[in-house]
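Just below is one structure, and these are the notes that go with it.
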Amino acid sequence: MKLTVELHGIDPVKGEWFSISKHESDRYNHDILLLIINKVLDEGAKYSRNGLEGLRAFHVELSVAIISDENGFRPAFDIDVRTISRLSAAGASFDFDPYI
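Terminal number for the sequence shown in UniProt numbering: 100, no gaps in between.
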């Protein structure tokens with residue numbers, strides 16, 4: 001089992017994708033996912049120096065990847081209103097990649 005959450009954006013000068021923040025876990029559940037998403041957003045807000053709204057200039061994307069070879073594993077999740085609001089403030093798109 002591997003959970004990876006990454007916030008990446010486009011460098012406005014170079015026009016290239018770059019990683020702003022990335023965290024991984026060898027465990028997966030709803031609480032861990034939300035904790036890591038919000039940790040990545042917190043680090044992104046610090047990186048921009050203008051809070052979450054400062055990330056808009058980077059056209060950020062939040063990427064969640066779940067890798068598992070466990071039989072019967074179901075990568076279901078929901079995102080709470082607070083986290084959705086934070087993603088919106090950053091102007092972030094959301095990408096989900098399950099590898100089961």
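Beta carbons are placed, not taken as given, at the ideal position from N, Cα and C, and that holds for glycine.
Cβ of residue i within 8 Å of Cβ of residue j?
| i | j | result |
| --- | --- | --- |
| I32 | H23 | no |
Using the three-state DSSP reduction, which class does residue i fall into: helix, strand or coil?
| i | result |
| --- | --- |
| I37 | helix |
| G9 | strand |
| A90 | helix |
| K14 | coil |
| E70 | coil |
| F96 | strand |
| I84 | helix |
Let's test the definition: count the other Cβ atoms within 10 Å of the Cβ of residue i and tell me whether it reaches 16, buried, or not, exposed.
| i | result |
| --- | --- |
| R86 | buried |
| P100 | Sequence check: residue 100 is Ile here, not Pro. Label assigned to I100: exposed. |
| I84 | exposed |
(Q) Counting beta carbon pairs with one atom in the region 46 to 62 and one in the region 1 to 11, are three or more of them shorter than 8 Å? (A) yes
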